[in-house]
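The structure appears right after this line, and notes come after that.
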């Protein structure tokens with residue numbers, strides 16, 4: 040953040056510019072985030088990525104609606120976590136435009152830390168439980184009030200259509216390098232039908248849509264989950280997506296671009312911890328079918344990411360950042376290995392989920 044923007048933000052927040060400091064914070068790949076410190080106050084400042092979020096006002100509107108709902112729950116002693124809140128400027132603005140860029144200011148939750156990698160079962164259960172508590176608190180919120188900030192974000196059918204187009208265009212002649220992966224993915228399109236059938240019988244929910252471990256703050260002293268953060272992709276959807284993304288990002292001991300494929304497996308203790316954490320606060324609110332659908336989410340999310348990585352590989356790496364030519368192909372292979380391991384453990388996972 041350059042000094043002129045820092046000074047402008049300080050003025051808008053009625054802070055003395057000469058007494059403010061800014062430091063980068065967080066590990067997000069979409070928005071740029073800083074910690075703004077002034078005498079006895081600290082705030083989070085985010086520059087919103089308008090390439091990803093085409094309408095930043097809608098993003099802020101969604102987050103404000105969720106914030107208000109959670110505040111009401113907290114006043115009734117029905118929400119034990121801390122809440123990410125928007126800080127208004129002196130002119131009561133929550134979305135700030137400076138030099139054709141959009142910023143927002145959020146409260147800083149002190150005494151907390153985040154993780155980029157799941158360390159143990161306790162941490163998995165804590166995070167899953169907090170995401171479940173978050174979902175439970177929003178179950179009486181009309182999800183259709185939320186703007187669709189990223190259209191078709193978890194649209195599996197559309198992701199396969201994009202893959203088909205990429206195969207047909209074959210812009211850099213890479214199809215020959217991933218023919219086996221393409222063929223396998225195309226045989227798994229039955230999940231599209233399974234999802235469409237299930238979707239007819241389960242309710243539309245508020246979904247976080249990015250339930251990675253680094254979107255959870257933990258308490259410095261108790262190490263319990265303290266706050267769910269990064270509500271940017273909160274939209275209407277199904278809880279199976281959030282559960283599936285936890286399984287996808289928590290359970291493998293390898294990073295999603297690791298080429299150590301024989302070690303890309305579901306760690307059963309981590310999966311059990313996710314189930315216990317997430318289902319406990321939601322069980323009374325879910326039908327048996329909705330609870331069973333969580334396993335479908337565990338299959339859909341790694342398959343969908345495989346398809347997306349393959350598509351980007353075929354399109355010459357135009358969406359995901361890569362560090363070498365085969366990076367997206369390696370990611371696709373990694374997620375397919377995880378998907379196949381889930382299929383091989385499906386019976387056990389179902390029993391664990393429904394016990």
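In the working numbering, the protein residues as written are 40 to 394. Each residue gets a CB set at the ideal place from its N, CA and C atoms; glycine is no exception.
Residue i (DSSP reduced to helix, strand or coil)
i, result
"residue 78", "coil"
"residue 277", "coil"
"residue 185", "coil"
"residue 125", "strand"
"residue 264", "strand"
"residue 193", "coil"
"residue 92", "coil"
"residue 198", "helix"
"residue 370", "helix"
"residue 285", "helix"
"residue 97", "helix"
"residue 320", "helix"
"residue 305", "coil"
"residue 346", "helix"
"residue 115", "coil"
"residue 29", "In the structure as shown, the chain starts at 40 and stops at 394, and residue 29 therefore has no counterpart that could be examined."
"residue 110", "helix"
"residue 162", "helix"
"residue 55", "coil"
"residue 172", "helix"
"residue 178", "coil"
"residue 382", "helix"
"residue 326", "coil"
"residue 46", "helix"
"residue 359", "coil"
"residue 167", "helix"
"residue 365", "coil"
"residue 211", "coil"
"residue 311", "helix"
"residue 394", "coil"
"residue 204", "helix"
"residue 120", "coil"
Proximity winner among the options, relative to residue i (alpha-carbon distances)
i, options, result
"residue 16", "275, 115, 305 and 259", "Given that the chain is displayed from residue 40 to residue 394, the structure contains no residue 16 and the question cannot be resolved."
"residue 149", "80, 106, 245 and 95", "80"
"residue 64", "360, 271 and 253", "253"
"residue 242", "174, 303 and 98", "174"
"residue 136", "89, 229 and 182", "89"
"residue 132", "121, 373, 145 and 122", "145"
"residue 70", "138, 209, 302 and 87", "87"
"residue 164", "264, 151 and 142", "264"
"residue 75", "56, 93 and 92", "56"
"residue 102", "85, 200 and 123", "123"
"residue 341", "319, 362 and 372", "372"
"residue 140", "151, 92 and 107", "92"
"residue 172", "384, 217 and 322", "322"
"residue 51", "302, 128, 270 and 197", "128"
"residue 108", "176, 54 and 391", "176"
"residue 41", "138, 198 and 381", "138"
"residue 106", "307, 379 and 269", "269"
"residue 334", "221, 207 and 230", "230"
"residue 117", "95, 178, 275 and 143", "178"
"residue 389", "153, 259, 307 and 361", "307"
"residue 45", "291, 232, 205 and 142", "142"
"residue 277", "228, 200 and 193", "193"
"residue 232", "154, 196 and 155", "196"
Identified DSSP bridge partners for residue i
i, result
"residue 73", "63 and 84"
"residue 290", "Answer is none; residue 290 lacks a bridge partner."
"residue 255", "267"
Within 8 Å, strictly: CB atoms of residue i and residue j
i, j, result
"residue 283", "residue 316", "no"
"residue 339", "residue 234", "yes"
"residue 98", "residue 188", "yes"
"residue 369", "residue 272", "no"
"residue 211", "residue 367", "no"
"residue 331", "residue 393", "yes"
"residue 247", "residue 170", "yes"
"residue 310", "residue 286", "yes"
"residue 213", "residue 352", "yes"
"residue 120", "residue 185", "no"
"residue 60", "residue 72", "no"
"residue 294", "residue 151", "no"
"residue 244", "residue 182", "yes"
"residue 202", "residue 224", "yes"
"residue 220", "residue 377", "no"
"residue 319", "residue 281", "no"
Contact with chain C by residue i, beta-carbon distance below 8 Å
i, result
"residue 50", "Of the protein chains in this structure there is only one, and it is not chain C."
> What are the uninterrupted segments assigned as beta strand (DSSP E) that are 3 or more residues long and contained completely in the stretch 216 to 251, given in chain order?
Replying inline: 244 to 246
>> So within the stretch 125 to 155, which uninterrupted beta strand (DSSP E) runs reach at least 3 residues, ignoring any that extend past its ends?
In response: The stretch 125 to 155 is shown to contain whole beta strand (DSSP E) runs of 3 or more residues at 135 to 137 and 140 to 146, in chain order.
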